[in-house]
Amino acid sequence: MRKDSKIYVAGHRGLAGSALVRALTACGYTNIITRTHAELDLTDQVAVRAFFKTQRPEHVFLAAAKVGGIHANDTYPAEFIRTNLAIETNVIHESWASGVDRLLFLGSSCIYPRLCRQPICEDDLLSGPLEPTNRPYAVAKIAGIEMCWSYNRQYGTRFLAVMPTNLYGFGDNYDPETSHVIPALIRKLHEAKVRGDARAVVWGSGKALREFLSSDDMAAACVHLMSLPEAGYDGVCAPDRAPLVNIGGGEELSIAELAHMVAEVVGFEGSLVFDATQPDGMPRRLLDVSRLRSLGWRPTVSLREGLSQTYQAFLRQTR
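Have a look at this one:
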């Protein structure tokens, strides 16, 4: 990508999309196109087609999606699969139709089987049953990967799919009904501290193992991949395999360890009680990031540092 390339970031107000805009701006890219949902409904095929015909972006970061934690996925499965399938179908197809050079589609690590071998490598895709609580969302994301690969094979496009691990950071969603685990814990433990509670209840047994990455690290990895020289980028998008790259830090911890770390960062001094009647989701999910590292990228933000920064952003957001 040239510094003056016309780059469209879909979903620029979300956790991932806003981080992508920050990363691109920091790297000196000067021609970034964005649209709010009110300005462009990505589930509207006619509107998306008109946008691409008019704007003609050279490169696309597809970060727009309907996202949420276990509760939201389990409560609104139809919305998760319908909305995400519509967004990726419209944007990927119109990117091909308008001649987009490079496209990066953001998926999710929940695309991999529930009881997958660990760490999970890209070739483990479709090797076993999915986690039931977020299967509709995962199926939609798998469809996005297959669509990128199919267009690469049939039309010679160079569309890349990346699978970030669990993300957190600036601009996260703290709604208790739809948030992911880190923002949910930050809000719950902050409010418990403010009330002076002696204890706080955390969903699940606390035994599930997870990997986390700051949204700014994720964005830096995406910009790195999209900025690869021609030969390197073409190698990742070669039509003989899925154009898929895991994005993660390569380290994991239990939800119980995470909850205690968040409690320390927030300053909650009460006890934590784990409610094992609530779902844990996948028992373990650690990504194999050797492909990403072979392409020259490693994370820079530690989890404790990232949690501290995120909590400060939460405090500013709630003032």
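In my numbering, the protein residues as written are 17 to 335. A virtual CB, placed ideally from N, CA and C, is assigned to each residue, including glycine.
6 Å Cβ shell around residue i - same chain, five flanking residues per side excluded
i    : result
F186 : A329
S111 : V76, L119
R65  : E110
G33  : V25, G27, A79
Proximity below 7 Å, CB of residue i to CB of residue j
i    : j    : result
N168 : C253 : yes
G297 : I136 : no
T164 : A154 : The question names Thr, but residue 164 in the sequence shown is Cys. Not closer than 7 Å, so no.
L183 : R300 : no
V217 : G264 : no
Q61  : N106 : yes
D188 : L319 : no
A1   : L229 : This structure cannot settle anything about residue 1, because the visible part of the chain is limited to 17 through 335.
F68  : L56  : no
V278 : L201 : yes
S287 : R215 : yes
G222 : A272 : yes
G160 : F121 : yes
K108 : L58  : This sequence places Ile at residue 108; Lys is not what is there. Not in contact: I108 and L58 (Cβ atoms no closer than 7 Å).
L302 : E268 : yes
T99  : K82  : yes
With 16 other Cβ atoms within 10 Å as the buried cut-off, status of residue i
i    : result
T41  : exposed
T91  : exposed
H196 : buried
E227 : buried
P192 : exposed
E321 : exposed
R2   : Not covered by the structure: residue 2. The range shown for the chain is 17 to 335.
D232 : buried
S125 : buried
H53  : exposed
P145 : exposed
T337 : Examination of residue 337 is not possible in this model, given that the chain is present from 17 through 335 alone.
T181 : buried
G123 : buried
Helix, strand or coil at residue i [DSSP, three-state]
i    : result
N47  : coil
S270 : strand
L40  : helix
A236 : helix
H276 : helix
F68  : helix
R18  : coil
H75  : strand
Y24  : strand
W112 : helix
S306 : helix
A54  : coil
D117 : coil
R257 : coil
S287 : strand
V317 : coil
L244 : coil
R133 : coil
S230 : strand
R215 : strand
R29  : coil
R301 : strand
L101 : helix
L146 : coil
L331 : helix
L225 : strand
L311 : coil
Cβ shell of residue i (< 8 Å), same chain only, five flanking positions each side left out
i    : result
L244 : V252, L311
D140 : Y128, P129, C132, R133
P152 : N89, P93, A94, F96, I97
V261 : E138, L176, A177, V178, M179, L241, V252, R307, L308, L311
L36  : V25, H28, F77, A79, A235, C238, V239
Any non-hydrogen atom of the ligand NAP closer than 6 Å to residue i Cβ
i    : result
A247 : This structure lacks the ligand NAP; in fact it carries no ligand of any kind.
7 Å CB neighbourhood of residue i in its chain, flanking five on each side removed
i    : result
W313 : A237, H240
C338 : Any question about residue 338 goes unanswered here, given that the chain covers just 17 to 335.
K353 : This structure does not reach residue 353, given that the chain is present from 17 up to 335, and the question cannot be answered.
G84  : T194
P73  : K22, I23, Y24, I49, V116
Q294 : W219, G220
Enumerate, from N- to C-terminal direction, the unbroken beta strand (DSSP E) stretches of 3 or more residues contained entirely within the stretch 164 to 204.
Listed in chain order, the beta strand (DSSP E) runs fully inside the stretch 164 to 204 are 174 to 180, 182 to 184, counting runs of at least 3 residues.
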